[in-house]
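Read the structure below first, then the notes.
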Amino acid sequence: MGGFIMRTLKFAWLAALAALAACQKPVSDPSVRGERYFNALGCAQCHQVGDKGGIYGPNLTFVGFRKNPQWLDLWLKDPHSWRKETVMPNFNLTEEARTALVAYLSAQKGQAWTPESRPWNHPTVGDSVKRGELLFDKAGCVACHAQKGRGGYPNNNVMGGQIPSLSRVFETYTKDELIKRISGGVIPESADPSQPPPMIQMPKWGDVLSPAELSLVADYLLSLGGSAGNKSDW
Ligand code: HEC
Ligand code: HEC
Numbered sequence: 007m008g009g010f011i012m013r014t015l016k017f018a019w020l021a022a023l024a025a026l027a028a029c030q031k032p033v034s035d036p037s038v039r040g041e042r043y044f045n046a047l048g049c050a051q052c053h054q055v056g057d058k059g060g061i062y063g064p065n066l067t068f069v070g071f072r073k074n075p076q077w078l079d080l081w082l083k084d085p086h087s088w089r090k091e092t093v094m095p096n097f098n099l100t101e102e103a104r105t106a107l108v109a110y111l112s113a114q115k116g117q118a119w120t121p122e123s124r125p126w127n128h129p130t131v132g133d134s135v136k137r138g139e140l141l142f143d144k145a146g147c148v149a150c151h152a153q154k155g156r157g158g159y160p161n162n163n164v165m166g167g168q169i170p171s172l173s174r175v176f177e178t179y180t181k182d183e184l185i186k187r188i189s190g191g192v193i194p195e196s197a198d199p200s201q202p203p204p205m206i207q208m209p210k211w212g213d214v215l216s217p218a219e220l221s222l223v224a225d226y227l228l229s230l231g232g233s234a235g236n237k238s239d240w
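Structure follows, in structure tokens:
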């Protein structure tokens, strides 16, 4: 309890400092202000954009491609209301800070890397399965399908309430079918048509990944062989 209060105070204090930092030289571009908040609040202690930052939470280089602004806003408002066991703290952001951060995050569509500097395209990474595993992690498949594709992350208004596990796709897909599925994306069906549609969609990865990259991540998924994956914090 005491720890919780201390943590809450710490983030409230941080948020106040960040507001100061972001206001020093007023800029009209909200995504530039968002980047200042991102740095001032210490988001980079847990998150990378490009190759800079901590690796505790998901890499955010493609976050604006994979997550829509509406969901990002909800997440930043209260991460635990979406996923109660998440270790991402609630920063108690002001509306101004949250709006700026959403603008910054939404603008992250992969441009922090060139196609050649994407980590999985470095020649020393290893075979296609190893490269596919790195892509799964750094492009952020992991942010929806969890470590090793084990699934279990929430979605609203879908059957079962979760984003699917990928650990058994080797049983149901050929490699070509799998590549097509990843490339084309999917808009999940609403479990209850009278409720708001699911906020999380399977992105059309063919818009940002080359055929060679899609083939790498398909090789990785087919190698999972039903393994449940490691236990980890997120
Ligand atoms: C203590 C580490 C930590 C800090 C600090 C942190 N995050 Fe996170 N964040 C996480 C983790 C871990 C996840 C993965 C969520 C989960 O699995 O529950 C996450 C998830 C996210 C997501 C969703 C990612 C995706 O790829 O879909 C966004 C966006 C995000 N954080 C933004 C931020 C911002 C902005 C800040 C600073 C205001 C921040 N985070 C600070 C740990 C952190
Ligand atoms: C923003 C969240 C999100 C991200 C990021 C994401 N997916 Fe998905 N994915 C989904 C959702 C939601 C579905 C389920 C769609 C449906 O209702 O059929 C899905 C479905 C799939 C399926 C079909 C599973 C099945 O059982 O038929 C595959 C394969 C897949 N994703 C692979 C990937 C790969 C590979 C990546 C990274 C390149 C990725 N996904 C990134 C949300 C995501």
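Using the working numbering, you'd call the opening residue of the sequence shown number 7 and step up by one each time.
Ideal placement from N, C-alpha and C gives every residue a C-beta, glycine not left out.
No experiment lies behind these values; they were computed from the predicted model shown.
Would residue i be called buried (16 or more neighbouring beta carbons within 10 Å of its own) or exposed?
i    : result
T120 : exposed
W19  : exposed
L66  : buried
E41  : buried
E195 : exposed
G60  : exposed
L107 : buried
H151 : buried
K183 : One detail in the question is off: residue 183 reads as Glu in this sequence, not Lys. That one is exposed.
A218 : exposed
D225 : buried
Y43  : buried
V269 : No statement about residue 269 is possible, as the shown extent of the chain runs from 7 to 240 and does not include it.
V93  : exposed
A149 : buried
K73  : buried
K90  : exposed
P75  : exposed
M205 : buried
K16  : exposed
G155 : buried
Using three-state DSSP, classify residue i as helix, strand or coil.
i    : result
P160 : strand
Q54  : strand
G59  : strand
Can you tell me whether residue i sits near ligand 4, meaning its C-beta is under 7 Å from at least one heavy atom of the ligand?
i   : result
G59 : No copy of ligand 4 occurs in the structure displayed; its ligands are ligand 1 and ligand 2 alone.
* To do: Tell me, please, whether the stretch 166-176 touches the stretch 94-105 by the rule of three or more beta-carbon pairs shorter than 8 Å.
  => no
* For the 8 Å Cβ check, are there 3 or more pairs between the stretch 177-197 and the stretch 129-144? -> no
* Asked: Are at least three pairs of beta-carbons, each pair with one atom in the stretch 209-221 and one in the stretch 156-173, less than 8 Å apart?
  -> Short answer: they don't touch.
* Three or more C-beta pairs below 8 Å linking the stretch 40-58 and the stretch 109-117 -> yes
* Give, in chain order, every unbroken run of the alpha helix (DSSP H) that is at least 4 residues long and sits entirely within the stretch 160-193. => If we require 4 residues or more, the alpha helix (DSSP H) runs fully inside the stretch 160-193 come out as 175-178, 181-190.
* To do: Would you list, in sequence order, the uninterrupted alpha helix (DSSP H) runs of no fewer than 4 residues that lie entirely inside the stretch 79-160?
  => 85-88, 101-112, 134-141, 148-151
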